[in-house]
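These notes are about the structure you will find just below.
Residue numbers (the numbering used here): 87 to 221.
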């Protein structure tokens with residue numbers, strides 16, 4: 087799924103503008119430009135931020151490739167301890183769903199947490215997606 091970099095949680099207008107100047111406007115372009123640690127370091131330098139910020143954005147851009155995971159559900163996954171596609175692929179859907187529901191009850195990120203079927207789909211998609219980031 088393609089998402090604008092401006093819609094990635096953690097992006098700032100300054101970072102979005104610098105990325106746009108480099109021809110990067112969506113998550114897929116961003117992932118291609120931030121796949122390797124050296125690329126993230128270079129992007130951080132050109133964007134005026136640190137490499138950790140770029141890595142966090144890259145992880146969110148990677149998660150956005152999963153249908154149904156964007157915006158509020160991406161935030162909820164992160165609060166539940168899942169911030170990468172690699173991590174999502176290793177989770178048991180039933181346990182993750184329970185953790186998401188419990189997390190949402192505490193922080194009220196969304197009125198409607200995802201169903202177990204949605205979480206099962208996310209985990210399956212994460213297992214099938216090609217790897218884009220190296221750490």
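Ideal Cβ positions, reconstructed from N, Cα and C, are used throughout, including at glycine.
Contact check for residue 94 and residue 137: beta-carbon distance about 16 Å, past the 8 Å limit, so the pair fails to qualify. Residue 109 and residue 90 have their C-alpha atoms some 12 Å from each other.
Residue 135 and residue 195 have their alpha carbons spaced roughly 27 Å apart. Rounded to the nearest angstrom, the gap between the Cα atoms of residue 180 and residue 192 is 19 Å. The DSSP-derived three-state label of residue 90 is strand. Apart from sequence neighbours up to five positions away, no residue of its chain approaches residue 221 with a beta-carbon distance below 6 Å.
If you compare the alpha carbons of 117, 207 and 213 with that of residue 176, the shortest gap goes to 213. A direct Cα-Cα distance of roughly 15 Å separates residue 210 from residue 168. Pairing residue 88 with residue 107 gives a Cβ-Cβ distance that is not under 8 Å. Less than 8 Å separates the beta-carbon of residue 121 from that of residue 219. Boundaries cannot be given for residue 135, as no alpha helix (DSSP H) includes it and DSSP labels it neither H nor E. Here residue 199 is buried, its C-beta having at least 16 other C-beta atoms within 10 Å.
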